[in-house]
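>
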Amino acid sequence: MRLTSILLLLAAAPACAKAQNLQWHGYLDYRLVAGSSAPNWTDGGLGKLRWDGHGVSARFGGAALLATAQLSPELLGVASAQFQTSDRRGIDLTEAWLRYRPVSTTPWRWSLRGGLFFPAVSLENDGIGWTSPYTLTPSAINSWVGEELRSTGAEFRLERRGRSMSVEAAVTAFVGNDPAGEQLAARGWSLSDLVYGLGSSMREPDLAARDGPPPRRYDAFVETDHRIGWQGELTVRADDVSRLTLLHYDNRADPTTSTMFEGQRIFSWHTRFWSLGERTRMGDWVLIGQAIRGSTAIVPSPFFHTETGFWSAFAMVAREQGRWRPALRLEMFGTRQRPDSLAERANEHGRALTAALNWQPRSWLRVTGELIALDSSRTERRHLGLAESSFDLQAQLGARLVF
Amino acid sequence: MRLYRLVLAGFGLAFWLPAMAAVLNVQVLDDHGKPIGDAVVSMVASAATAGDPPALPVAQTKIIDQRRETFLPYVEIFRPGDRVVFRNSDTTRHHVYSFSPTRSFEMVVRPGRSTAPLLLDRAGIVAVGCNIHDHMRNWLFVSSAPWLAITDAAGQVRFDAMPVGKYTVTVWHPQLSPRQPPVERQLDVPADRADMKLPVTLSLLPDPRMPMDHNRMQY
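Right, here's the structure in full:
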């Protein structure tokens, strides 16, 4: 029934798009997937790719619908929902926000945004519903953002625009997102375009189900400790061609608190990180580099605490004009659990190479072939009787209808 | 009588030669030899010329269209006293504005509508944007230079009837780095040339305009 509703909405959207100041965008994605990868978190395993198993299969990649409403020249409303069948079957809300941005006839401009939105971490994912225009699968950094990070709050942004250089600073205060970081500690990084939204929940590897039978699921977007988190961003743009963004995120979660979800205790993970990203255009090509470093911690009892340090970095080159748009991305990632005295620490490190070729014969059709080679090592695999190191391959051929 | 005719012809030639007018073709190319459109070529006489510069045309009103979230044309040239009208051919509202010192303004343009004519009374460059769609860019080049033209898709402009003399030619494009000095050439139009060519090579930054792409959100 839900699938029928969303398909009807998608079918009706082009007609609605003609309505003044209300626009509909969306996509419908199907894929052929081939690969050889370990069972992933959606099946309770420690695999790092969205599609696990062997052989070739046809998969539903997802569907999303996004509405933008220009309520007044200054006031913009954006809301997007997605339908997914991976890990859960249902519709969830990925974004819903209002932005007030009065026009300015001086170099200064300010805006205020309120609602549910992605932190401005990504220089890669600027598509509908946190998709990337370059690859099907985003980097490990932006896979994690799509999985666990969402701000429910208010963002104030101030820009100083110049002919050769512009600077903007933003600060956000938000609630919710207290369990964010749990998956980085329990599973580690992933390379996946499986985005989670409000109304969804995410499965963890079964190894993490220590106080109840698996599957263990949690909602990353709930408020558990009534403390306000914050993030600050500084962006410098040069010559309208390159952009450098520094961001700090701190959900200020009280690591001693917890909540119950489907009968299992979910802790508040105090998650903090720094992110630095650079994006430069060179003709029809774009170079993107981004690095992130942070930690997430819980203190479930006065006698036990644990912190997982995490880091990742990627470099990507992609063509962003024309019908054929190749992209190549190289990345590394890792986590390290502390204190070192813990008997069973969950540490990991890995690297991945992603090559994609997009073909856009029509404005409404994008065909993408993508290959990911991922080499990773995670200590917890020993508990499953597996080797710590794993090499996974995943090939996808996706057709995405977009409007 | 014969001598008289020769003297008369000599005087006539002496007056006619400086007044001879040349045709100047300016070709603007990028580093790879590809033509650059939307480059503004302006010329002023750097020394006394043998003829009068062309008279400035009467004030005009030019239309900048907005289609598929793109300003068309990308660059337009104006004389002080000209007016500009912004037309919205999209189905969504646009909020045209500029904070340029030459002319600051802001106007909401509803779908299918046009703005009232906006007077551009001062020479200078006006960068225009849309407060709703930040990726939209437009440039108004307002100049009182006697010779002023914009390159076509082949990267060419043609100036007819250039009087003999010396000129400073300036070429501007919105994708020239603002940190670079102006691109200027000194040009000598001699009396014995009827057809001249001036090649100019520019190093441009990438085009900041992103074409409308359903795969990305541009808000």
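Chains as they are written, first to last, in my numbering: chain A, 45 to 447; chain B, 5 to 223.
The beta-carbon is built from N, C-alpha and C at its ideal position, and this holds for glycine as well.
#1: Could you check whether residue 107 of chain B and residue 89 of chain B sit closer than 8 Å to each other, using their CB atoms as the reference points?
#2: Which of helix, strand or coil does DSSP assign to residue 217 of chain B?
#3: What in chain A is Cβ-close to residue 182 of chain B, meaning under 8 Å?
#4: Determine the closest residue to residue 57 of chain B out of B:104, B:204, B:167 and B:138, with distance taken between C-alpha atoms.
#5: Which stretch, first to last residue, makes up the alpha helix (DSSP H) that contains residue 191 of chain A?
#6: Which residue wins for smallest C-alpha separation from residue 73 of chain A, given the options A:160, A:181, A:150 and A:367?
#7: Throw me the rounded Cβ distance for the residue 234 of chain A and residue 187 of chain A pair, which I believe falls under 8 Å.
#8: Whose CA, out of A:129, A:419 and A:217, lies closest to the CA of residue 198 of chain A?
#9: With distance defined between alpha-carbon atoms, name the residue in A:132, A:172 and A:184 nearest to residue 336 of chain A.
#10: Roughly how many angstroms lie between the CA atoms of residue 41 of chain B and residue 86 of chain B, to the nearest whole one?
#11: Excluding five sequence neighbours on each side, which residues of the same chain lie with their C-beta closer than 6 Å to the C-beta of residue 164 of chain A?
#12: Of the residues A:92, A:131, A:223 and A:413, which one's Cα is nearest the Cα of residue 312 of chain A?
#13: Is the stretch 117 to 132 of chain B in contact with the stretch 143 to 153 of chain B, if contact means three or more CB pairs nearer than 8 Å?
#14: Report the neighbours of residue 219 of chain B on chain A: residues whose CB is nearer than 7 Å to its CB, in chain order.
#15: So, at 6 Å on beta carbons, what are the nonlocal neighbours of residue 140 of chain A in its own chain, with the 5 sequence-adjacent residues on each side left out?
#16: Measuring only the C-alpha atoms, how far is residue 211 of chain B from residue 55 of chain B?
#17: When DSSP builds the beta bridges, which residues end up paired with residue 29 of chain B?
#18: Please tell me whether residue 150 of chain A has its Cβ less than 8 Å away from any Cβ of chain B.
#19: Going by DSSP, what residues sit across from residue 326 of chain A in a beta bridge?
#20: Using the C-alpha atoms, what's the distance from residue 428 of chain A back to residue 87 of chain A?
#21: Can you grab the Cα-Cα spacing for the pair residue 95 of chain B / residue 82 of chain B, in whole Å?
#22: From what residue to what residue does the beta strand (DSSP E) around residue 375 of chain A run?
#23: I need the DSSP call for residue 441 of chain A, collapsed to helix, strand or coil.
#24: Can you tell me whether DSSP reads residue 192 of chain B as helix, strand or coil?
#25: Which stretch, first to last residue, makes up the alpha helix (DSSP H) that contains residue 226 of chain A?
#26: Are the C-beta atoms of residue 73 of chain B and some chain A residue less than 8 Å apart?
#27: Chain A beta carbons: is any one of them nearer than 8 Å to that of residue 91 of chain B?
#28: With the cut-off set at 8 Å, would you say residue 128 of chain A and residue 238 of chain A are in Cβ contact?
#29: DSSP puts residue 73 of chain A in a beta bridge; with which residues?
#30: Within the chosen definition, does the stretch 101 to 116 of chain A reach the stretch 259 to 275 of chain A through at least 3 CB pairs nearer than 8 Å?
#31: Run through DSSP, which three-state label would residue 176 of chain B get?
#32: Indicate whether the contact test is met: 3 or more Cβ pairs, each with one atom in the stretch 163 to 183 of chain B and one in the stretch 25 to 33 of chain B, closer than 8 Å.
The structure says:
#1: Within the second sequence, residue 89 of chain B is the residue found at index 85, counting from 1. Within the second sequence, residue 107 of chain B is the residue found at index 103, counting from 1. It is not a contact, given that the beta carbons lie outside the stated cut-off.
#2: For the purposes of this step, residue 217 of chain B is taken as the residue at position 213 of the second sequence. Coil at residue 217 of chain B, not helix or strand.
#3: Indexing the second sequence from 1 puts residue 182 of chain B at position 178. 207, 208 and 283, listed in chain order.
#4: On the second sequence, residue 57 of chain B is found 53 positions in, with the first residue counted as 1. Nearest option by C-alpha distance: B:167.
#5: In the first sequence, residue 191 of chain A corresponds to position 147, counting from 1. Unbroken alpha helix (DSSP H) run through residue 191 of chain A: 184 to 192.
#6: Translated into positions along the first sequence, residue 73 of chain A becomes position 29. Checked all of A:160, A:181, A:150 and A:367; the closest Cα to residue 73 of chain A is A:181.
#7: Mapped onto the first sequence, residue 234 of chain A falls at position 190. Mapped onto the first sequence, residue 187 of chain A falls at position 143. Right, the Cβ-Cβ distance comes to about 5 Å (below 8 Å), so this counts as a contact.
#8: For this step, residue 198 of chain A is matched to residue 154 along the first sequence. Among A:129, A:419 and A:217, the Cα nearest to that of residue 198 of chain A belongs to A:217.
#9: Position 292 of the first sequence holds residue 336 of chain A. When only C-alpha atoms are compared, the closest one is A:184.
#10: Within the second sequence, numbered from 1, the residue matching residue 41 of chain B stands at position 37. Within the second sequence, numbered from 1, the residue matching residue 86 of chain B stands at position 82. Taking the straight line from one Cα to the other gives about 22 Å.
#11: Locating residue 164 of chain A in the first sequence gives position 120, counting from the first residue. Only 277 meet the Cβ criterion.
#12: On the first sequence, position 268 is the one that residue 312 of chain A refers to. Closest option to residue 312 of chain A, Cα to Cα, is A:223.
#13: yes
#14: Position 215 of the second sequence, counted from the first residue, corresponds to residue 219 of chain B. Those are 171, 177, 410 and 446, listed as they occur along chain A.
#15: In the first sequence, counting from the first residue as 1, residue 140 of chain A sits at position 96. Taken in chain order, the residues that qualify are 123, 159 and 160.
#16: Here residue 211 of chain B is taken as the residue at index 207 of the second sequence, counted from 1. Here residue 55 of chain B is taken as the residue at index 51 of the second sequence, counted from 1. The alpha-carbon atoms of residue 211 of chain B and residue 55 of chain B are separated by roughly 39 Å.
#17: Taking the first residue of the second sequence as 1, we reach residue 29 of chain B at position 25. Per DSSP, B:162 and B:201.
#18: Your numbering for residue 150 of chain A matches position 106 in the first sequence. Answer yes: the Cβ-Cβ gap between residue 150 of chain A and chain B drops below 8 Å somewhere.
#19: Counting from one through the first sequence, the residue named residue 326 of chain A turns up at place 282. Looking at the DSSP assignment, residue 326 of chain A forms a beta bridge with A:329.
#20: Here the question's residue 87 of chain A lines up with position 43 in the first sequence. Here the question's residue 428 of chain A lines up with position 384 in the first sequence. One C-alpha to the other measures close to 14 Å.
#21: Translated into positions along the second sequence, residue 95 of chain B becomes position 91. Translated into positions along the second sequence, residue 82 of chain B becomes position 78. Between residue 95 of chain B and residue 82 of chain B, the C-alpha separation is close to 28 Å.
#22: As a working mapping, residue 375 of chain A is identified with position 331 in the first sequence. 368 to 382 is the extent of the beta strand (DSSP E) around residue 375 of chain A.
#23: As a position in the first sequence, residue 441 of chain A is number 397, starting the count at 1. Strand, per DSSP.
#24: Residue numbering aside, residue 192 of chain B sits at position 188 when the second sequence is read from its first letter. Residue 192 of chain B: strand per DSSP, three-state reduction.
#25: As a position in the first sequence, residue 226 of chain A is number 182, starting the count at 1. From DSSP, the alpha helix (DSSP H) with residue 226 of chain A extends over 226 to 230.
#26: Within the second sequence, numbered from 1, the residue matching residue 73 of chain B stands at position 69. No - not a single Cβ of chain A is within 8 Å of the one on residue 73 of chain B.
#27: Position 87 of the second sequence holds residue 91 of chain B. It does not: the Cβ of residue 91 of chain B has no partner Cβ on chain A nearer than 8 Å.
#28: The count along the first sequence starts at 1 and reaches residue 128 of chain A at position 84. The count along the first sequence starts at 1 and reaches residue 238 of chain A at position 194. Yes, they are a contact pair.
#29: Mapped onto the first sequence, residue 73 of chain A falls at position 29. Beta-bridge pairing links residue 73 of chain A to A:106 and A:444.
#30: no
#31: Position 172 of the second sequence, counted from the start, is the residue given in the question as residue 176 of chain B. Three-state DSSP puts residue 176 of chain B in a strand.
#32: yes
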